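In terms of the numbering used here, the sequence shown has 344 at position 344, counting the first letter as 1, and numbering is strictly consecutive.
Don't be surprised by glycine CBs; every beta carbon is placed ideally from N, CA and C.
Note that this is a predicted model, so its numbers are computed, not measured.
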Amino acid sequence: MAMYFLIGVATVAYCLYLYFTRTFNYWRSRNVAGPPPVPFFGNIKESVLRRKHFAIVLKDIYNAYPNEKVVGVYRMTTPALLIRDLDIVKQVMIKDFDNFPERGVEFDKDGLGANLFHADEALWRVLRNKFTPLFTTGKLKNMLHLMIDRSDDFIKYVENITRAQPEQEVFQLVQKFTIANISACAFGLDFDMTKEGDVQRKMRKIDKQIFTLNYAFELDMMCPGIISKIGTSLFPANIKRFFHDLVKQVVNVRKGEPTDRKDFMDLILELKREKQVHGAQRTKDEEKKYLELTEGIIAAQAFVFYAAGYESGATTMGFMLMQLAQNPEIQNKLAAEIKEVLRRHDDKVTYEALQDMTYLDRVFDETLRMYPVVDLILRKVVTDYKIPGSNAMLKKGQTVLISISGIHYDEEHWPNPLRFDPDRFRPENTANRHPAAYIPFGIGP
C-alpha cells in the first residue's frame, strides 16, 4: 500500500514538474541567451519569495548579460524578453510602437484603470488625443501661481516648526508639501499645512493603500493576467469611491463650469463641454472611436494625477535633498545659482526664473537618473514581431521588459554610475548621449 502511495506522489510530482517547466526551452530553442530558469519560479524566484523587488531582479539579470542585446527570461512559466540594447529600446518603444501599444498589465477598464497611463490601446488612444494637451508647458505654466502660494506657506510652516525642534524628518515634510500642491493643482483644495483635515487623512490612508497595490502589481508580473482572471481590480472600492466623490464635489461646487484657477479640474471641465471625445485615427479608413466623458473617466484621470504626482514627487525631492546633504559642494553651488537667478528676477519665483536655473535642472536630472520614477517598462506585442538585429521572435501576446535602473546604472552609458554628478547633464555631455540612455519617466507615447 505504501509503495502505491509513493508511486502516486512521485507521479503527481513529476507531472507538476513537467507542467511548470513546459515552456523552459522557449528561448534556448531560439538561440536567445538568458539565465537558466528554476522549476515553478522561472527567473524570478527572489521576487516570488519577497526577497527582492521585481525591478531589482530584472536589474540583476540586465547586469549579468553585458554583451547581449536582448535576454530571454521567464516570469514563472511565461517567456518574456528583456531588452538591453538602446537602439532596440528606441525601435520598440517609438518607431514600432503600434506593435506594442498594450501596457502588459491588465487593469480594471471601467474604474480607475481607465486612465491615461493604464488604459488598454483603444481607450488609451482616445484619452491621449484629448488629455495629453492638458499637460503642455503653457497649461502647466498657468498653475505656477498655485505652486508658489503653497511654497510660501510651506516655508512659513518649516520656519515655525524648526524654531521649537530644529531636527525634522525631511521626507514627511516633502510629503506634506507635495500633497498640498497636488491637491491645489488637481482638485482646487487649499490645505492648511499646520492642520490635517479629513480629506488629508483620507489621502494619506489612500497613499498607503496605493503602496500596498505594488504587491498586487508584482503578482501580475509573476503571473501575467492573474488579476483579470480572478475577476478583481488592483484598486480597492474605497479608493474608487473617494475619487468619484471628490470629483463630483468639485464639479458641483463649480456648477460644472471652469473657474479662473486654471487648475486641472478647470481644464477637465473645459473639455467636458464637448460631451464626447474621440481618438486620433491611425489610418484614413479607420473608424473614429468615441468616449463619453463621464465623472468616472474624470475620476480615473484625477486618481492618476494624484498617484503619479504625490508619492513620486515626494520621493524624488527626498532623494535630492539626501544627495545635497551628502555633497555640500553641489549644495553650495545650487544655492548660489538660485540666489543669483532670483536677484536678476527681483526676488520673484517666475516661470522665466525657473527656466534660468540650469544647475537646478541638472541636479533634478541626476536625481532622477539614480532614482527613476519608473523602475521598469512592460509592453505587450499585439502581433508576431521579429526583434531587429537579434534571433528573438516574439509571438502575439508576449511581453518585452525594459530595466530603467539597469540602463541608468550601466557604466557603458554612465561612467562611475554610483556617483552623484549633475554635470553629466551639461549640454556638451548630453549632445552625444543616446536618447534612450535617460528615461526616468519611461519612453515612447
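Taking Cβ to Cβ, would you say residue i is nearer than 7 Å to residue j?
i: K240; j: L116; result: no
i: V251; j: F187; result: no
i: R201; j: N181; result: no
i: L324; j: Q331; result: yes
i: D300; j: A114; result: The identity of residue 300 in the sequence shown is Ala, whereas the question assumes Asp. Yes, Cβ-Cβ distance for A300 and A114 is below 7 Å.
i: K448; j: T383; result: Residue 448 cannot be examined here, being either before or after the span of the chain that is shown, 1 to 445.
i: F20; j: P39; result: yes
i: A335; j: H345; result: no
i: F420; j: N327; result: yes
Which residue from the options puts its Cα closest to that of residue i?
i: R424; options: L368, L376, K395, K262; result: L368
i: M93; options: Y306, F420, V400, E428; result: V400
i: I402; options: S29, F441, Q165, R433; result: F441
i: D85; options: G444, I443, P445, A436; result: A436
i: A302; options: V170, F242, W124; result: F242
i: T194; options: V251, F154, R204; result: F154
i: Q484; options: T23, T315, S183; result: Outside the displayed span of the chain (1 to 445) sits residue 484, for which this structure offers no information.
i: N31; options: I387, A114, F305; result: I387
i: W124; options: M147, F100, E337, K395; result: F100
i: E470; options: E340, V341, A184, N429; result: Absent from the model: residue 470. The displayed extent of the chain is 1 to 445, so no value can be given.
i: V374; options: D96, L16, F54, I7; result: F54
i: P445; options: T315, E121, I179; result: E121
i: L140; options: Q326, K396, D263, Y306; result: D263
i: K333; options: D346, A353, T358, R344; result: T358
i: H413; options: M370, N238, A335; result: M370
i: D98; options: I83, V381, A336, D421; result: V381
i: C185; options: L146, K156, E169; result: L146
Suppose you measure from the CA of residue i to the CA of residue j; what does that come to, to the nearest Å?
i: D152; j: G313; result: 18 Å
i: W27; j: N416; result: 33 Å
i: S390; j: K69; result: 7 Å
i: T11; j: M3; result: 12 Å
i: I443; j: K90; result: 8 Å
i: D260; j: V304; result: 23 Å
i: P427; j: R362; result: 10 Å
i: L246; j: I298; result: 11 Å
i: L378; j: R204; result: 28 Å
i: D356; j: Y438; result: 22 Å
i: M322; j: K339; result: 21 Å
i: R433; j: S29; result: 35 Å
i: Q281; j: E257; result: Caution applies to Q281, whose pLDDT of 45 falls short of 50 and renders its modelled position unreliable; the value that the coordinates give is listed next. The alpha-carbon atoms of Q281 and E257 are separated by roughly 30 Å.
i: F171; j: G318; result: 5 Å
i: I206; j: D96; result: 37 Å
i: V71; j: R254; result: 53 Å
i: I179; j: K248; result: 20 Å
i: F191; j: E337; result: 31 Å
i: L189; j: K59; result: 40 Å
i: K156; j: L81; result: 51 Å
Does the Cβ of residue i have 16 or more other Cβ atoms within 10 Å, making it buried, or fewer, making it exposed?
i: Y310; result: buried
i: L173; result: buried
i: K272; result: buried
i: Y351; result: exposed
i: T162; result: exposed
i: K284; result: Residue placement at K284 is poorly supported in this model, since its pLDDT is 47, which falls under 50; the coordinates are not used for a value here.
i: F135; result: exposed
i: S183; result: buried
i: A431; result: exposed
i: L293; result: buried
i: N43; result: buried
i: A392; result: buried
i: R103; result: buried
i: I7; result: exposed
i: T316; result: buried
i: C15; result: exposed
i: G138; result: exposed
i: Q175; result: buried
Distance cutoff 7 Å, beta carbons only. Does residue i sit that close to anything in chain B?
i: R75; result: Absent from the structure is chain B; it holds one protein chain and no more.
Quick one: any contact between the stretch 55-69 and the stretch 401-416, if contact means 3 or more CB pairs under 8 Å? yes
Three or more C-beta pairs under 8 Å: does that hold for the stretch 34-54 against the stretch 63-83? yes
Contact between the stretch 123-138 and the stretch 264-273 (3+ Cβ pairs under 8 Å): yes
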